[in-house]
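Shown next, in structure tokens, is the structure this report addresses.
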Amino acid sequence: MRTTTTRRATVAGIAVTATLALVLSAPMTGMAQASQGRGDRPPVPHTHVNEGSNGWHGSKNPATRAAREAMREAMRAAKTSYRSAVRAARDAFNADATVIAADAIRDASVADARAAWEASAQDGAAWTTLKAALGDAKTAFNDATTVAAATRNASVDSAKAAWTLAVDAAYTAYDTATTTTEEAAARAEFRTASASARTTFRSSLAAARTAFRTDAGVVIARTTMESAIHDAIAAYNASVQDDAARAAYEAAVQAAHDAYDADAAVIAAKATSAAAKTAARTTYNTAIEAARAAFSTATGHNPTRPFRGGHVRLPHA
């Protein structure tokens, strides 16, 4: 009896063990199949984009983890220093006695202008008066704080220059640790050319926007549109504010926008702005392609980045 029981327990144990082995092996087999493809499909290779054998992460020139981490740390330090310098410049500007006095005068002027607006009919004429008063207050503040603003701007520009030098030094240290002298020189030239192209492109876009916004004809058309819109608001507020009044208000606002868009000066300014932006993009693309071609000629391969991510940009402060 005892022998039979022992034999049965042994057989049952073997069955349980086999079942457990089958169950435990199932998910492992599934993962193995998933990693090597399903059916007749070949396995998907684990590759990285833009990392050729001669690239910054290539197999012939691997970037060491220490150099990459040192580069990131240097960039973090540069960002922190830049933000601290900009914050200090702004705090010094706000704490300047001349700025404090001018700010108080501006606040009083703005308060008076808003009080006059609240007491008016709040129509187009009142809006034009309010806008002119606010503009005068801003101009008076800027005129009174010219010296302090120049000091602040100079400090911010110095912080930008220091950030640029620190980032370039971080790149240079990385290149020195991970590549040849010729490759490092080509990378430095490409970075300089790319940064110059981006700076020129952004400046050109900003200039085009400013030129459109300050165009005399556009300013007149915008003022006319805003005056008409506020006339419509005043008329609606003075009405019974029923559906008909609402429809009349919406029609007046739409007519004001349509008149602005159809203004000859606005159309011409938009065309000029669009042409300037297109020219800026063309110039940028040409400069980048030339920089890439020069890099490729010097190294025999295209430029890549030392780690994943976008362009290194000036941080917000």
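Position one of the sequence shown corresponds to residue 341 (this note's numbering), numbered consecutively onward. Ideal Cβ placement from N, Cα and C applies to all residues, glycine included. All values derive from a computational prediction rather than experimental measurement.
Burial state of ALA417, where buried means 16 or more other Cβ atoms lie within 10 Å: Residue numbering aside, residue 417 sits at position 77 when the sequence shown is read from its first letter. So ALA417 counts as exposed.
8 Å contact criterion, which ALA499 and THR512 should meet: CB distance rounded: Translated into positions along the sequence shown, residue 499 becomes position 159. Translated into positions along the sequence shown, residue 512 becomes position 172. In this structure ALA499 is not in contact with THR512, their Cβ atoms being roughly 20 Å apart against a cut-off of 8 Å.
Buried/exposed call for HIS656, threshold 16 Cβ in 10 Å: Counting from one through the sequence shown, the residue named residue 656 turns up at place 316. For HIS656, the number of other beta carbons within 10 angstroms of its own is below 16, and it is reported as exposed.
Per-residue DSSP class, three states only, for THR644: To locate residue 644, count along the sequence shown from 1; it is residue 304. Correct three-state label for THR644: coil.
PRO385 versus ARG408: straight-line alpha-carbon distance, rounded: Here the question's residue 385 lines up with position 45 in the sequence shown. Here the question's residue 408 lines up with position 68 in the sequence shown. Residue placement at PRO385 is flagged as unreliable, the pLDDT there being 32, under the threshold of 50; a coordinate-derived value is accordingly withheld.
Contiguous beta strand (DSSP E) assignments of at least 3 residues, all confined to the region 468–497: none
Classification of GLY640 by the beta-carbon crowding that lies within 10 angstroms, buried from 16 upward: For this step, residue 640 is matched to residue 300 along the sequence shown. Classification for GLY640: exposed.
Three-state secondary structure (DSSP) of GLN581: Within the sequence shown, the letter at position 241 stands for residue 581. Secondary structure at GLN581: coil, using DSSP grouped into helix, strand and coil.
N-terminal and C-terminal residue of the alpha helix (DSSP H) that ASP443 is part of: Within the sequence shown, the letter at position 103 stands for residue 443. Residues 437–459.
Of the residues ALA584, ALA533 and ALA551, the one placed nearest ALA626, counting alpha carbons only: What you label residue 626 is simply residue 286 of the sequence shown in a count that begins at 1. According to the sequence provided, residue 626 is Thr. The question's Ala does not apply to it. Of the candidates ALA584, ALA533 and ALA551, the one whose C-alpha sits nearest the C-alpha of THR626 is ALA533.
Straight-line Cα distance separating ARG645 from THR618: Residue 618 sits at position 278 when you count from the first residue of the sequence shown. Residue 645 sits at position 305 when you count from the first residue of the sequence shown. So the alpha carbons of these two residues sit roughly 27 Å apart.
THR369 (DSSP reduced to helix, strand or coil): Counted from its first residue, the sequence shown places residue 369 at position 29. Per-residue confidence for THR369 stands at a pLDDT of 39, beneath the threshold of 50, marking its modelled position as unreliable; no derived number is given.
7 Å Cβ shell around SER460 - same chain, five flanking residues per side excluded: On the sequence shown, position 120 is the one that residue 460 refers to. If we look at SER460 and ignore the five residues flanking it on each side, its Cβ neighbours are ALA466.
8 Å Cβ cutoff met for ALA605 and ALA561: Walking along the sequence shown from the start, residue 605 turns up at place 265. Walking along the sequence shown from the start, residue 561 turns up at place 221. The answer is yes: Cβ separation under 8 Å.
HIS597, buried or exposed, once every other Cβ within 10 Å from all chains shown has been counted against 16: Reading the sequence shown from its first residue, position 257 is the one you call residue 597. By the 10 Å Cβ count, HIS597 comes out exposed.
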